[in-house]
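Participant: Dumping the structure here so I can ask a few things about it.
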Amino acid sequence: MLGLNMHDHHDLGWTLDPLLVVPLGLSLLIYLAGWWRLSRRAATPVRPGLFLCGWLVLTLSLTSPLHEAGERSFTMHMIEHELIMLVATLLLAASGAGGVLAWGLPRPLRRALGGRWKAPLQSLWRRLTEPVTATVVQGVVMWAWHAPFLFDRALDSFGWHIAQHACFFVSSLLVWWAMLHPRGRAGGYGVSAACLFATSLVGGALGALMSLSSSPWYADYAAMGMTGIGLDPVDDQRLAGLIMWIPGGAFHGIAALVLCYKWLKASEGGHAALPVH
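Structure representation (structure tokens):
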């Protein structure tokens with residue numbers, strides 16, 4: 145990873161490691177198999193557009209030259225992370241693809257998931273997608289992986305890098321699922337909006353610390369002298385922090401405002417349904 149090739153200035157290429165390509169390819173095949181099976185059964189056709197767009201953003205983020213550029217510049221690395229956590233997982237959560245993916249699995253595995261494993265898995269999923277729980281998990285994941293020790297490990301080891309991206313992906317998928325599917329909880333979209341506002345503050349605080357720091361946090365980027373986008377390590381880190389702080393915070397803030405609107409509309413509908421004496 146970066147610790148081995150940060151001074152190598154060859155052209156950026158695609159990252160086609162089997163540890164990335166195989167899971168991504170399998171997830172697409174499973175979804176398409178489920179979509180084909182359900183399209184023959186369901187009265188309402190399954191619309192795969194959101195899932196396919198989310199899958200494409202995720203795949204390009206992890207395998208395109210952007211990924212390798214992130215090994216030479218913290219700013220490019222931050223863009224990769226923001227695409228995963230803000231765009232790809234939002235689209236995947238909005239697609240509601242869980243049922244389609246389940247139908248894409250081999251029949252013995254479908255039977256196992258629909259049998260004795262169904263209740264415990266559903267219980268675990270409900271707990272993890274409680275808005276407050278998901279928000280706390282993502283906040284801890286975000287701050288922990290940006291600690292210099294762990295981030296440098298991810299830069300130096302492909303396995304640790306995959307673990308970092310997996311944590312970012314899963315935690316943000318939990319958040320977006322919790323925000324978009326309140327399932328009739330008390331407060332509904334109101335609680336989701338509050339959690340998104342909190343997320344914008346948590347991520348914004350981390351980005352602000354990066355952008356206001358006078359020294360680089362990460363040893364591999366600091367050792368480069370000049371990053372792949374022509375900035376010194378301090379300015380590169382400041383720009384990366386600004387991306388997390390301002391566009392990232394604004395994205396969560398706008399999403400929170402949309403959910404506030406949904407919450408107010410739902411409240412108005414509830415009041416309108418009350419009988420007048």
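Under the numbering used here, the first residue of the sequence shown is numbered 145, with each subsequent residue one higher. Note that the Cβ used here is the ideal one computed from N, Cα and C, for glycine as well.
Give a yes or no on contact between the region 224 to 237 and the region 295 to 313, applying the rule of three or more CB pairs nearer than 8 Å.
Facilitator: yes
Participant: In whole angstroms, what is the alpha-carbon distance linking A291 and L236?
Facilitator: If you take the alpha carbons of A291 and L236, they lie about 28 Å apart.
Participant: With distances taken Cα to Cα, identify the nearest neighbour of S358 among S344, L340, Y365 and D379.
Facilitator: D379
Participant: Which first and last residues belong to the alpha helix (DSSP H) in which P264 is found?
Facilitator: K262 to L272
Participant: Would you mind stating whether S239 and L170 have Cβ atoms separated by less than 8 Å?
Facilitator: The answer is no: Cβ separation not under 8 Å.
Participant: Are the beta-carbon atoms of P391 and M323 separated by less than 8 Å?
Facilitator: no
Participant: Using the rule of at least 16 other Cβ atoms within 10 Å of the residue's Cβ for burial, across every protein chain shown, is G248 buried or exposed?
Facilitator: So G248 ends up on the buried side.
Participant: Do the region 366 to 381 and the region 333 to 345 meet, that is, are 3 or more Cβ pairs less than 8 Å apart?
Facilitator: no
Participant: Please state whether DSSP places P167 in a helix, a strand or coil.
Facilitator: Note: P167 maps to helix in three-state DSSP.
Participant: If you run the structure through DSSP and keep just helix, strand and coil, what is M229?
Facilitator: M229: helix per DSSP, three-state reduction.
Participant: Any chance you could list the alpha helix (DSSP H) runs of at least 4 consecutive residues sitting entirely within the region 346 to 371, in chain order?
Facilitator: Taking only runs of at least 4 residues, the alpha helix (DSSP H) segments lying wholly in the region 346 to 371 are 363 to 366.
Participant: Grab the span of the alpha helix (DSSP H) containing R297 for me, first residue to last.
Facilitator: P292 to D300
Participant: According to DSSP, is I398 helix, strand or coil?
Facilitator: Looking at I398 - three-state DSSP - the assignment turns out to be helix.
Participant: Tell me whether L146 is buried or exposed, calling it buried when 16 or more other Cβ atoms sit within 10 Å of its Cβ.
Facilitator: Residue confidence for L146 is low, a pLDDT of 46 falling below 50, so the modelled location carries little weight; the figure read from the coordinates is stated next. Counting Cβ neighbours within 10 Å, L146 comes out buried, since at least 16 surround it.
Participant: Starting from the Cα of W180, find the closest Cα among G332, L386, H211 and G243 and give me that residue.
Facilitator: Nearest to W180 by alpha-carbon distance, out of G332, L386, H211 and G243, is G243.
Participant: Alpha carbon to alpha carbon, what distance is there between R271 and H305?
Facilitator: 27 Å
Participant: Can you tell me the Cα-Cα spacing of H151 and Y365, whole angstroms?
Facilitator: Reliability of the predicted coordinates at H151 is poor, the pLDDT of 41 falling under 50, and no value is obtained from them.
Participant: By the 10 Å Cβ neighbour count, where 16 or more other Cβ atoms means buried, how is L206 classified, buried or exposed?
Facilitator: buried
Participant: Just to check my reading of the structure: L386 and G347 have Cβ atoms closer than 8 Å, yes? What is that Cβ distance to the nearest angstrom?
Facilitator: Not quite, the Cβ-Cβ distance comes to about 12 Å (not below 8 Å), so this is no contact.
Participant: In this structure, how does DSSP classify T102 when only helix, strand and coil are distinguished?
Facilitator: Given that the chain is displayed from residue 145 to residue 421, the structure contains no residue 102 and the question cannot be resolved.
Participant: Count the other CB atoms, across all protein chains shown, that sit within 10 Å of the CB of R382; report buried if there are 16 or more and exposed otherwise.
Facilitator: buried
Participant: Given this structure, state the Cα-to-Cα distance separating V394 from L164, to the nearest angstrom.
Facilitator: Looking at the sequence itself, residue 394 is Ala, so the reference to Val does not match. Computed Cα separation, rounded: 30 Å.
Participant: Ignore the nearest five residues each way along the sequence and tell me which others in H396's own chain have a CB closer than 6 Å to its CB.
Facilitator: L340, T343 and S344
Participant: Check for me: the alpha helix (DSSP H) holding G248 runs from which residue to which?
Facilitator: Unbroken alpha helix (DSSP H) run through G248: G242 to G248.
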